[in-house]
Amino acid sequence: EETELRSEEASTIDDTYFKEKALQEGEELEEVAETKQMEDTEGQAVINKYEFERNQSQLARISDALPTGQADRQGSASLSMKSEEIAYVQELETEAQTLFNEAWNIRENANSIEDSETKIVELQKANDMEIMAIEKQQEAIDTYEQASTSSSLLASGETKGEIGRASCRERV
Numbered sequence: 084e085e086t087e088l089r090s091e092e093a094s095t096i097d098d099t100y101f102k103e104k105a106l107q108e109g110e111e112l113e114e115v116a117e118t119k120q121m122e123d124t125e126g127q128a129v130i131n132k133y134e135f136e137r138n139q140s141q142l143a144r145i146s147d148a149l150p151t152g153q154a155d156r157q158g159s160a161s162l163s164m165k166s167e168e169i170a171y172v173q174e175l176e177t178e179a180q181t182l183f184n185e186a187w188n189i190r191e192n193a194n195s196i197e198d199s200e201t202k203i204v205e206l207q208k209a210n211d212m213e214i215m216a217i218e219k220q221q222e223a224i225d226t227y228e229q230a231s232t233s234s235s236l237l238a239s240g241e242t243k244g245e246i247g248r249a250s251c252r253e254r255v
């Protein structure tokens with residue numbers, strides 16, 4: 084944007100020396116901006132990868148906690164989910180992994196692109212896909228957590244009515 088302004092201003096300059104100087108400054112600013120944008124997308128890639136891997140780890144821990152149909156040996160509540168919920172969560176995890184892999188393929192291919200504007204567009208596309216993957220993971224985690232909360236309430240024998248009555252008693 085600033086480069087365009089410089090170019091417009093430079094076109095109104097009559098003196099060729101000053102005109103060339105203004106155009107050169109505009110090009111230098113554009114190169115600096117592109118470099119900063121590249122650095123930003125590389126930094127965002129690292130952040131996205133960390134968050135994706137952290138979520139993968141959390142999903143693996145939750146998945147390992149799923150019972151094989153019964154409560155654990157001590158008789159305490161375990162995470163129970165309907166088969167449809169499990170299938171939905173697994174689909175979200177698969178979609179997230181696919182999106183993230185595609186994003187990293189785009190990033191790898193972008194490394195060979197010479198034109199910096201095209202490269203930045205591709206890197207932004209990869210970033211958007213990584214964010215969608217992370218959102219799908221978060222939806223899967225939220226679904227697990229909702230199932231866990233429901234399981235805990237059912238195991239403790241409390242229903243919404245019992246919880247409401249207990250909180251009313253506490254206020255008295």
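Counting in our numbering, the sequence shown runs without a single skipped number right up to 255 at its last residue.
In this text, a Cβ means the ideal position worked out from N, Cα and C, and glycines have one as well.
Rounded to whole angstroms, Glu-108 and Tyr-100 show a C-alpha spacing of 12 Å. The beta carbon of Asn-210 is closer than 8 Å to those of Thr-124, Gln-127, Ala-128, Asn-131, Ala-186 in its chain, skipping five residues each way along the sequence.
Its Cα nearest to that of Thr-181, the residue Glu-213 stands out among Val-172, Thr-118, Glu-213, Ile-169.
The three-state reading of DSSP puts Ser-199 in helix, counting H, G and I together. The Cβ atoms of Ile-189 and Leu-175 lie no closer than 9 Å to each other. Between the region 213-230 and the region 134-145 there are three or more inter-stretch CB-CB distances shorter than 8 Å, so the stretches are counted as touching.
Residue state for Leu-206 is assigned as helix, using DSSP reduced to three classes. Setting aside the 5 residues that flank it on each side, Ile-196 is surrounded in the same chain by Lys-202, Glu-205, each with a C-beta closer than 7 Å to its C-beta; the list follows chain order.
C-alpha of Ala-179 to C-alpha of Lys-208: approximately 15 Å in a straight line. One Cα belongs to Asp-98, the other to Tyr-133, and the distance between them is close to 53 Å. Glu-191 and Met-121 have their C-alpha atoms roughly 14 Å apart. Using a Cβ distance threshold of 9 Å, Glu-200 and Glu-117 count as a contacting pair. A straight-line Cα-Cα distance of about 13 Å links Glu-228 and Ala-143.
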